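Numbering of the sequence shown is given in the numbering used here, commencing with residue -3 and proceeding in unit increments.
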Amino acid sequence: MTKSHVQAAQHLLRLLTLEQKIAMLHQHAPAVPELALAPFRTGTEAAHGVAWLGPATVFPQPVGLAATWDEDLITRVGEAIGREVKAKKEMDPSVSLNVWAPVVNPLRHPLWGRNEEGFSEDPHLTSRFASAFCAGLKGADAGTWLTVPTLKHFLGYNNEHDRSLTSSNLSDRVLHEYELPAYRQPIEDGVAGAVMLSYNLVNGRPAHVSDLVNKHLRTWTNGGSVVVVSDAGAPSALFRAEKYFPDGASAYAAALKAGVDNFTDDGDNPGPSVSYLEDALERGLLTVDDLDRSVLRLLTLRARTGEFGDHHGSSSTSAGESDAAATVALAREAARKSVVLLRNQPDPHLLPLGNNPGSIAVIGTLGQRVLSDWYSGTLQNECGIAEALSRRYQDVIAEDGLDVITLRSVRTGTYLGLPSPSETTDDDGGVLVADTTSPAVGEHFTLKDWGSGEFSLQSSLTGRFVAAGTDNYLRASADRIGGWVVQETFRLVHSHDGTVAIQHVASSQWVRVESGTGSLVLASGVEAAADRFVVRTIKSGHHAAHAAAASSDVAVVVVGNDPHLGGRETQDRESLDLPQSEQELVRIVQDANPKTILLVVSSYPYALGDLADLPAIAWTSHGGQELGPGVVDMLSGDAEPTGRLPQTWFARDRDLPDILDYDIIGSESTYLYTRAEPLYPLGHGLSYGDVQYTNAVVSSDPASKTIGVDVTLTNQGDRVAHELVQAYASDPTHQDHFPRRLLVAHRRVELAPGARITATLRIPVERLATFSTVAEAMVVEPGEYRILVGSSAQRLPVSVAIQVPDRGQRSRRIAGTWVPARLYDTKSNIDLVPSQPLSGTAITPADPFEPAWAVYRKWDGLPITAVNCEVLSARTGKGFGDCSISVQTSGPADTWLDLGQCQLKEGYSGEVGIDVDPSVLPAWTASGTLRLVLKGAITVQQLQVT
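The following block contains the structure:
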């Protein structure tokens, strides 16, 4: 941010009336003609290309961009997207240069529906990629920003089910070590100008009124000028769905004071928001100074893009300089570098295909289509995998492996199909009819099972998907599955008599043949009211897939997901498993041809079971318009596989914690803490070279700010290898449950065949820090750490020990100091909840009918006489049982010794003192550990040892 940006914003702020200021706080701000201010709105979607504004370059999904582990590439992609946003702005002034990207929520749980939108499960890796992407979106001009990036979604957001009602419980360690780092670097680097808040609650308080914004984000370098925007509809949720406030005025006032600058609510209608803010001012819930702080940030955001300067939004990286051919080449580079080779069985390697692989069968619907997601632009000139293989090789066939069926109504005896052209009118728009007793191609539909009982029907005649219209009639009208509410999927509900009823998934309504017209229409009611249909198989997809595979030298079977189904925004996945229909297709192809390559095209990881034994397996996210060429560049061997997994692929569902358990330490989740053997670990990805690690040595003093580790690598293969060298830290003896493996550095190196090189990794000592509940800060604890080096979080063949000296870390003080109860070291059955509606965090039993405890270590061990607790509430009535607080200290062999106890009466709040049993003091003095045991519905704010 330059001084001129702030000065321009401050000048305008002084000229605005109160009414104009209030209007600017809504997403859609009106023009102020007397000040030459144009209408403005926040938010252009640009996760991996310009979305919702027509044709645009579509790059790989963010999780695919992360698989490149290439910050320079990610920056170039961000800049290309920024240029296209600017070009859209030049064609349509209503387009916002405030882009709502990137998503920086770490990919904590692979069943999260929005997995495709994030970068990595590692927060520091996420922050680096986010900073790189934002740097591109911002542009290279030091003065004028190309666009203003927005980090999404602050904070603790990794579940879709009831996302506005669930609370993400974040201990201080998880908060500081896992959640906050993903946001901090882009803000402190000065490349992110805005942050969007999340729908969920954090520690029992809605994120849109969380004290974490002002307590942390605003205190970071550049954080004070960052615009905080609400997510769509979230302000209203504060007093409607969440019922955290009694009305809109109090909700809006609290949100603004908590840090929200811009309200995305009621679509493009600012009326309700303006009314709530005016009411809040009249009631004294807000002051004009509160408004001015937010308006100044919003004006500064606009000033950054040159809106108020002489350039009027132009910059040195204007859209006019955009080179379409170069952008397409960049999309292909990104698609190629995002492909990860997961397996390539030796003796012989099936990949690369080389120049003469013989005949190739591409099997699976995803082999022939390029799919977009909710945050994609309109695809243009897209090229799928089969088409790209056909361009590279002469003998390629494509087979979708799907059944082609007809559906005959039992009641009418007629087949569902397209109307004849002569019967189609402008009024009905081609409504499907059941009006023939002899099916032809117009009555043929390709049936696709997407998993979880969800099917699509695609006309064999037109290639279009059957969809429900707003009038509830069915038409084969959709070119692709999509939309916020998907209208193109159905359930086939089988009966004992072999017939099926058809239920529309989005509406839960049933398909009926309309009497008189024969039109297909959706009707409410129960299954018994639906028409029943007999399915006739015209073409067996399994037979066709087997034949295609058997007749070819190599089979490439392509499976995965449609980004609008199974898992996406508003919908978490149910399982890691591939749909059974996809699994069976792979098995059929494998049975027919042992030279089978499995290619997974998906928004998220899968558990593959025994399919992981196939001779060659690769993964790519939905790679955008250049998906096919990018994949084929790698499969053919024209390019070296350089993609590496940005998140763990777990082997089975039981390896995952509950999706609502955000305590990654206690639940031992993510690559950092899991003890499960993954299918493929973080950082995994093969090359066509053969790189061996033989030695690692420390090359700089660990007492300095940066540790240098030299590792020796040799390429024993006959191809150039592009190796991603990764360093992980471990310390099993660490006093604060250090991660089992912590990514601390990575570097890409290139090795010629037979080459032997030494690569140096630079590890900032601060990467070894954990959050100290004693110091209430990130601290590098003394001790011996081991740096493990290799090609993934699991393959770490060489290591070296480093010693971090004692820097004199203090223990918890005793002399009357109150310690926040949230600063526990470990816990069981504890929830974090608000101390007050808008500030502070306390602890309470998650289940008041079960014992709950929190452990506080590192007291200085001096003799004590009492433990005092500040109790916010205690409930004993309505079946909650008695309430009590016990204090204990650790004894021998993992036992606990009672120091004292007190009972609480119904409705008690205030300070309680628990006298300590003098006979147990020697154990306390030796261990310096205190355990607080809570029974019943009791909430504790803080504790004190005297």
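All residues carry an ideal CB built from backbone N, CA and C; glycine is no exception. Note that the coordinates shown come from a computational prediction; the quantities given were computed from them, not determined experimentally.
Here the alpha carbon of Ala922 sits roughly 47 Å from the alpha carbon of Asp158. Counting only the Cα atoms, Ala755 lies some 11 Å from Leu747. Proximity to Leu720 across Pro637, Ile910, Tyr676 and Ala525 peaks at Pro637, based on C-alpha coordinates. The count of Cβ pairs closer than 8 Å, one atom from the stretch 369 to 379 and one from the stretch 613 to 632, reaches three, so the stretches are in contact. When C-beta atoms of the stretch 826 to 834 are compared with those of the stretch 873 to 893, fewer than three pairs fall below 8 Å, so the two segments do not count as touching.
Here Glu902 is exposed. Its C-beta has fewer than 16 other C-beta atoms within 10 Å.
DSSP places His120 inside the alpha helix (DSSP H), whose first and last residues are Pro119 to Lys134.
The beta-bridge partner set that DSSP reports for Gln505 is empty.
A residue is called buried when at least 16 other Cβ atoms come within 10 angstroms of its Cβ; Glu303 meets this threshold and is buried.
The beta carbon of Ala178 sits closer than 6 Å to those of Val100, Pro102, Pro119, Thr122 and Ser123, all from its chain and outside the five residues before and after it, given in chain order. The three-state secondary structure of Thr296, taken from DSSP, is helix. A straight-line Cα-Cα distance of about 28 Å links Ala614 and Val707. Residue burial annotation: Arg332 is buried, with at least 16 other C-beta atoms found within 10 angstroms of its C-beta.
Between Asn825 and His730, the alpha-carbon positions lie close to 24 Å from each other.
The three-state secondary structure of Lys239, taken from DSSP, is coil. For the options Gly521, Asn557, Ile584 and Glu510, the alpha carbon positioned closest to that of Gly537 is the one of Ile584. DSSP places Lys148 inside the beta strand (DSSP E), whose first and last residues are Val144 to Phe150. Every beta strand (DSSP E) of 3 residues or more that sits fully in the stretch 47 to 115 is shown, in chain order, as 94 to 96. The beta strand (DSSP E) runs of length 3 or more contained entirely in the stretch 721 to 748 are, from start to end of the chain, 738 to 747.
Counting only the Cα atoms, Gln3 lies some 11 Å from Gly305. Looking at the DSSP output, Cys865 shares a beta bridge with Val908 and Leu939. Remark: fewer than three beta-carbon pairs, one from each stretch, lie closer than 8 Å, so the stretch 401 to 409 and the stretch 75 to 85 are not flagged as touching. CA-CA distance, Gly479 to Trp370, rounds to 7 Å. In the three-state scheme derived from DSSP, where H, G and I count as helix and E and B as strand, Asp894 is classed as strand. Contact check for Leu349 against Asp399 fails: the beta carbons are separated by 8 Å or more. Considering only Lys148, Ala464, Ala525 and Thr140, the residue with the shortest C-alpha distance to Val489 is Ala525. Here Arg279 is exposed: its Cβ has fewer than 16 other Cβ atoms, across all protein chains shown, within 10 Å. Contact check for Leu428 and Arg471: beta-carbon distance about 6 Å, within the 8 Å limit, so the pair qualifies.
Ile584 is bridged by DSSP to nothing; it lacks a bridge partner. In this structure, Gly896 and Val912 form a Cβ contact; the two beta carbons are roughly 5 Å apart against a cut-off of 8 Å. By the neighbour-count criterion, in which 16 or more other beta carbons inside 10 Å mark a residue as buried, Met87 falls on the exposed side. The stretch 534 to 553 makes no contact with the stretch 460 to 469, as fewer than three CB pairs between them are under 8 Å. Each residue's CA atom was taken as its position, placing Leu161 and Thr766 some 30 Å apart.
Between Gly189 and Val224, the CB-CB gap reaches or exceeds 8 Å. Scanning Gly857, Ala672 and Arg650 for the CA closest to the CA of Gln790 turns up Ala672. Nearest neighbour of Thr485 by Cα position, chosen from His492, Glu762, Arg476 and Ser491, turns out to be Arg476.
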